[in-house]
Each structure stands twice: as structure tokens, then as C-alpha cells.
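Order-wise, the sequence lines are chains A and B. Plus 195 on top of the position in the first sequence (first one is 1) and you've got the numbering used here. Plus 195 on top of the position in the second sequence (first one is 1) and you've got the numbering used here. Glycine is no exception: its CB is placed at the ideal position from the N, C-alpha and C atoms. Since this is a predicted model, take the numbers as computed values, not measurements. See below for the structure under consideration.
2 protein chains.
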Amino acid sequence: MFKLRSLVTALALVGSVSVASAWEVLPTQAPEPADNKSSVEKVELGKMLYHDPRLSSTGTVSCASCHNTMLGGEDNRANSMGVQAQLGGRSAPTVWNSAFNKVQFWDGRAATLEEQAAGPVTSPVEMGMKNWDDVVARLKSIDGYQTAFEKAFGKDAISKDTATKAIAAYERTLITPNSPYDKFVGGDKSALSAQQIRGMEKVAELGCTSCHSGAAFNGAGTFQKFPMINDGYLEAKYHFSKDKGVADVSKKAEDEHFWKVPTLRNIALTAPYLHNGSVATLDEAVNVMAKVQLNKELSKDETADIVAFLNGLTGEFPKQTMPTLPATSGKTVN
Amino acid sequence: MFKLRSLVTALALVGSVSVASAWEVLPTQAPEPADNKSSVEKVELGKMLYHDPRLSSTGTVSCASCHNTMLGGEDNRANSMGVQAQLGGRSAPTVWNSAFNKVQFWDGRAATLEEQAAGPVTSPVEMGMKNWDDVVARLKSIDGYQTAFEKAFGKDAISKDTATKAIAAYERTLITPNSPYDKFVGGDKSALSAQQIRGMEKVAELGCTSCHSGAAFNGAGTFQKFPMINDGYLEAKYHFSKDKGVADVSKKAEDEHFWKVPTLRNIALTAPYLHNGSVATLDEAVNVMAKVQLNKELSKDETADIVAFLNGLTGEFPKQTMPTLPATSGKTVN
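Below you can see the structure in the form of C-alpha cells.
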């Protein structure tokens, strides 16, 4: 499970940043599974479901509540807040570019976006629905969803399977291409400032890109240990090791404190940082990562350069139209 | 305060529905106050603020949480839910066409949309901010808002006054014209079905339009008593009289159980009904209103006709683009 250095990073380390092949531009299309080919109708339905608070027990929490598509794809909170103001244990990861994760959730417990979409809806501390039968029954009680599911999947198609497929199809459209970094790598040498280029060289040189590799800087789904180094001061301050990560799912001691590598794209928009949202600023997040992963102390200038580079990973967000959610029927009780 | 019959209704009562002057088409533009002329920049900023959950103490509740612009302008809940899962005492009124209300809130305690917008933000059970100074400080900490306020109002313009003006300017764009009713009144006699026309005649004949008068069927801001008749059975079932309405604000006994007349536009989308959201279906709401306001028992057919007509008051909802909310700064703690 533990991949030491990717070829990409090795190249970046030996060459300069002008070694174009070492840096990847974000694709503008996400791969889609054979059993969930996209369609306009599916994406539109998925957008509706994604933004519909009626997928929660109280009718107040939608997917977008914690993974806000009007913001950086999450909620800018340390821990997300579900129904009845309950707190989750981790900081919501961004939905933007999540189509490029090989696994989903901080602990990678879902293999696909489809599988991921099913989880929070029935999590007691997130959207709080008792089970998917109740979700399906509620969707069936809303006339407009009967029509929208029919358009996307055919007649009488409302089910957990189709609902999560539609949500995943929508999420595959949430891609933010053309960041200054992408433009730079694509050949526009003025797209990054001198400081940002220094930062780019520094993240390769330090080895950040050992884990944060690939087009989405997310290690293409590999798990990594965090923290690598148990720093007493930082641990006392941020409690990184309280949460056992992958081991909570696998129940194996060797998986303790392993995590899916999160993307660095749009990271300037997604404070606070790390799995428990304990680090408020990007400066501090960079310093913490250098210390507990690489055992490096960064100078003020090095930190500033890296943060400048990370700001260059903010992409272009597609303009979206708001979905019109079908009305709760005034004919029947919900 | 109590207006017995408007000219509009009197005309409707003596004539048939073909007396066109008795029925008003919804204007496509809302009146705006002299001190808050609209602009593209103001509306765009208002749309951002309206949808930004960071205007609440927890960062989880926006204006749109209870007045959802993707739905019928409210939350389809009996009582709205604010920060920390606290319940409000009343059912959220729709934001659509609220620009045509002469007063705002169920008890009319705000004279303007601007004044209304300031309220929920610092209500402990709604958005829970301690005071507007804190709201302004938070907005100032977000770089993108500095820019957006400057575009709309000029340099260093972030304040309670400008924020509420922007929200009100946005809300004045939330108009739903061209309902089947509007088309019918405008001359398209095929826009309503025979049943809907029967329902239209019935609401005039019964006197529903005594209070639900004018283009928005909201009595143009007049207050009315509800319930007029104390029906023991319905009171025991729905507890209408528990809430004293306007008297809670005015502290005058003669204002007890007076309420702003709510709009009937898009009513098919805004279940459940009445100030306390106690009535789940439109059929039942129609029967209840006939009984406690007019002392009439409706036949099944009469109810069905009226409900059919009310469904004809669903307008066209403008397609909106989602606002892109400026990022919480990762430079400073929020």
C-alpha cells in the first residue's frame, strides 16, 4: 500500500520544473464507469438530488450542505455538521475534482463516487435517513422526481442504485481546469509568478509530490501514513493521531494512521486543513506537513513560496445553473 | 387595520371571472425604494450573501436554508430549523414575490425587504450571529467580499446597511410571472381548464379574495384576523390560536391573532400550510380556511375546483446561475 516515490516525482526531483512531463495538466473530462455512462438527463437529475435537503431526515441537510458547490466544494468548517447539529469526526473533503480520486472518503472506504454517494444519506450524524427504502419512498412521493428519473433511467426507475448513479454522474462534471499551474504546464510561462515557480520547485525538491502526485496531486488513490513523525508539540496541539484512519475500516493494526492522499487542487479555498480540520491556515498546514511527514523546518520564505504555488492550483469553476427542485406534494403528507 | 372588502373583490363578486379588471396579472418588475435602486452588481452581491451559510454562527445556515430558491422559496417544513437545530415558531414564508408584500414576516414587523433581511441573521434560533458587527467583521475577512461590495457600493462599503440592501435588491428579482392564471387573465382563455375556472369563480364567490386580493393575492399588506371563528375541533387539531401574531409585536390586545395575509402564488409548492405549518395538504388548507374564516363547509367538488385553481397560480421560475462564493481566507482564522 505504501508507495515510496512515483516516477513523476523522481523526474521532478532530478530535473527542473521545465521538465514538462513531470507535471500533469488536469483533464477536463473524468473517466466514467461502464455501468454508469453519463447523459444530460442523468447529470441534471444528479444535480437536483445533490442539492435537495429532503434527502435528509429533517429536510435541512443536502450533499451540498457539507460539499458546497458554491464554495470550494466543502463547508469551511473543521468538522461538518449534519442533522440535529451533530458533528462529524472529520473535515469534509472537496467534491470538486473528486472524480479523479481512485477511492473516496478520507479513509478510502468507498471505491467509487456511486458507492460514496450512498453513505452520508443514511449516516445518523450526517443526513440521518433511517434507510434507503425511506429515501426511495420519499423520492417517489414527489411527482417531479418520477418524471426526472424516468427521463434519466426509464419508467419506474427510482431506486438507491439510480439515485446514487445520478449523483455520481453530476459529480463527474465538477472539474476545475485551467488553473495558473495548468496554464504554466501547458506552455504559458507567464501563468505563474517567479515566487510560484520557486514554490513549485520546492514542493518537488522537498518530496511533497511523492504523495501528492499526478494531475490532481492526490497520489492517484494511494494511501499514506500521516503523521509519519510523532512530533509531541504538534500532536498536543492538533491531535492528529486521535483518529486511526484506514484502520477504523480494515481493523488492521498496520493500517493505523493511513489516509487517502487528499488533492491539493483549490486548496486555497478549503481552509481549515487536514483530516480533522485542526489547522486553520495554509501557511501552518504547509509547515505542519513539512515537519511531520518530511522532518523539515521551512524558512519563512520557503513557506511563502509554497503557499504562493498552492494558490496557483485554484482552477476555473464552471458556471452552473441552479436546479429547480420538484415540489413536495401538497396532496400527501411528507 | 381591518379592510372588509376591496373594490377588486366586490367586482369579482358581482361579475363573472370574465370581468378582466377584477383580476390582476403579476408585474414582472418589483417596485424599489428610492434609497436602494437596483444594479447588476448589487443583485449579484445580494445573491452571494443570500446563499452564504457563513452569515450564520455555525456557518451552516443561509437565508436560502429556510427560503430555498431552488424550491418554492421556503423549506417545506412546518417550522424552520436554524443553527444548532433550533426550531422557529412559524413556518417560513416564501421569498418568491415577497417584493410585492407591503410588510414582511408573518406579523408584518418589518416594513421593507431591507429591514427583514437584517432580522434572521442575528436571531438566536435562526442564523445565530451575536450582532451585525460580527457579521460585518466576518465579511471583511473574506477578500472576495471586499471586491464584491466595492463593485456594488464603492470603496470600504461593507456594513449592515449595504449587506441588507444587496440582499433586498436580489430578492426583488425573485418574481414568478406567467402562471396559467396570469395567461388566462392576460387573454389566453385556454390557459386555465374548465375546473380551474370554476375554482376561480368559487374563490371570488366565497370571498377568499376579500383578503387574498391584488396581483399577489396577499391583500397588499393588510392584516387580517385568523382564525375568525373559533372552531373547537380544528383548534384542538391545529392549535392556530396558540400564536398571537401581530399582538406579540404591538403588545396590544386588539391585535391578537392578526396576521399579514400571505400570498397564494405558488401555493402548490409550499406545503405545509398556515402560520404554524400545521396543515399538510392544500385540500385541507382550503377546507380549514373556508371553515374558520368564512364559516363555510365545502363540497368535495368545490374543494377540488379551488385546489385546481390554486395550482394555476404556479408561475415561471427564472433560471438562476449559482453564485460563486468567495473563499474563506486560509490566511486568517475565521
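The criterion of a C-beta distance shorter than 8 Å is satisfied by B:Gly303 and B:Lys455.
Shown here for A:Gly381: same chain residues with a beta carbon closer than 7 Å to its own, the five before and five after excluded, namely Val220 in chain order.
With respect to the C-alpha of B:Phe295, the residue from B:Arg285, B:Ala352 and B:Ala306 having the closest C-alpha is B:Ala306.
Counting along the chain, the unbroken beta strand (DSSP E) around A:Lys455 starts and ends at Phe453 to Lys455. Within the DSSP bridge table, the entry for A:Ala411 names no partner. From the beta-carbon of B:Arg272, the residues of chain A found nearer than 7 Å are Gly254. For the set A:Ala363, A:Ala312, A:Gly254 and A:Val330, the Cα lying nearest the Cα of A:Ala225 is the one of A:Ala363.
Collapsing the DSSP output to three states places A:Lys355 in a helix.
Within chain A, the residues placing a beta-carbon under 7 Å from that of B:Pro518 are Met265, ordered along the chain.
In this structure A:Asp438 is in contact with A:Arg285, their Cβ atoms being roughly 7 Å apart against a cut-off of 8 Å. The closest CA to that of A:Ala347, considering only A:Asn425, A:Ala287, A:Ser234 and A:Gly409, is found on A:Ser234. The alpha helix (DSSP H) runs lying completely inside the stretch 457-498 of chain A and spanning 4 residues or more are 477-489, given in chain order. The Cβ-Cβ distance between A:Val330 and A:Val316 falls below 8 Å.
In the structure shown, A:Gln281 falls within a coil segment according to DSSP collapsed to helix, strand and coil.
As a beta-bridge residue in DSSP terms, A:Ala305 pairs with A:Gln299. Contact of B:Phe512 with chain A is assigned, a C-beta pair being separated by under 8 Å. Distance between A:His262 and B:Thr264, taken at the CA atoms: about 18 Å. Collapsing the DSSP output to three states places A:Thr516 in a strand.
Under DSSP, B:Gln311 takes part in no beta bridge, so it has no partner. Listed in chain order, the non-local C-beta contacts of B:Pro518 below 6 Å within the same chain comprise Lys242, Met243 and His246, local neighbours out to five positions each way being set aside. B:Phe300 has its alpha-carbon roughly 14 Å from the corresponding atom of B:Ser445. Inclusion of B:Asp426 and B:Val502 in the CB contact set at 8 Å is not warranted, their separation being larger than that value. Segment contact: the stretch 370-378 of chain B against the stretch 496-516 of chain B, three or more CB-CB distances shorter than 8 Å; contact assigned. Per DSSP, B:Gln419 is not a residue of any alpha helix (DSSP H); the beta strand (DSSP E) it occupies stretches across Phe418 to Lys420. Taking C-alpha positions only, A:Thr342 is separated from A:Asp443 by approximately 41 Å. The beta-carbon of B:Arg285 is placed no less than 8 Å from the nearest beta-carbon of chain A. In the structure shown, A:Gly268 falls within a coil segment according to DSSP collapsed to helix, strand and coil.
Contact between the stretch 453-469 of chain B and the stretch 406-426 of chain B is established, with three or more Cβ pairs separated by less than 8 Å. For the pair A:Trp218 and A:Ala410, the Cα-to-Cα distance works out to about 7 Å.
Taking A:Ser252 as reference, the option from A:Ala522, A:Ser354, A:Gln281 and A:Glu239 with the minimal CA-CA separation is A:Gln281. Closer than 8 Å to the CB of A:Ala305 there is not a single CB belonging to chain B. Around the beta-carbon of A:Thr523, 16 or more other beta-carbon atoms lie within 10 Å, marking it buried.
Identification of chain A residues near B:Met276 by a Cβ-Cβ cut-off of 7 Å yields Thr253 and Thr255, ordered along the chain. Burial of A:Gly323 is indicated by the presence of at least 16 other C-beta atoms within 10 angstroms of its C-beta.
Between A:Ser388 and the set A:Asp230, A:Phe504 and A:Asp496, the nearest pair of CA atoms involves A:Phe504. Secondary structure note for B:Gln341: its alpha helix (DSSP H) is the uninterrupted segment Asp338 to Phe348.
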